[in-house]
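In the numbering used here, the protein residues as written are -11 to 115.
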């Protein structure tokens, strides 16, 4: 709980929601497994040598955890310059669904950070 509260933009409600939906971080071997549990992964469309660049999010995971992570990403992008720049970069990469796509990708980046903080039991430091 303290690890997540230390991140600028994540408050007690979002932090509690994320912790309650994850349970114990030891259940997940990697941040990829945690992202899959949350439903923040993308479908693969391929045939032979062809691989599509336009794929949609699977959304097969825990909808409550996905909601908390996307809300956290929305707040964190306004408080941490690294996440703000990442959001802006992803926003301008495409012409359709810019905000939704950029927010989902920012949430995916946040999952990597949350996994590291919780698995190592560290406090976030912004430097």
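Don't be surprised by glycine CBs; every beta carbon is placed ideally from N, CA and C.
Report the rounded CA-to-CA distance for residue i versus residue j, giving the unit in angstroms.
i	j	result
residue 32	residue 91	20 angstroms
residue -4	residue 22	21 angstroms
residue 64	residue 84	23 angstroms
residue 87	residue 25	23 angstroms
residue 12	residue 73	31 angstroms
residue 36	residue 48	26 angstroms
residue 104	residue -9	10 angstroms
residue 93	residue 60	12 angstroms
residue 14	residue 28	19 angstroms
residue 89	residue 79	7 angstroms
residue 111	residue 81	32 angstroms
Would you decide whether residue i is buried or exposed? Buried here means 16 or more other CB atoms lie within 10 Å of its CB.
i	result
residue 10	buried
residue -11	exposed
residue 3	buried
residue 1	exposed
Where does residue i fall in DSSP's three states?
i	result
residue 107	helix
Ignoring anything shorter than 4 residues, give me the alpha helix (DSSP H) runs that lie fully in the stretch 4 to 61, in order along the chain.
19 to 26
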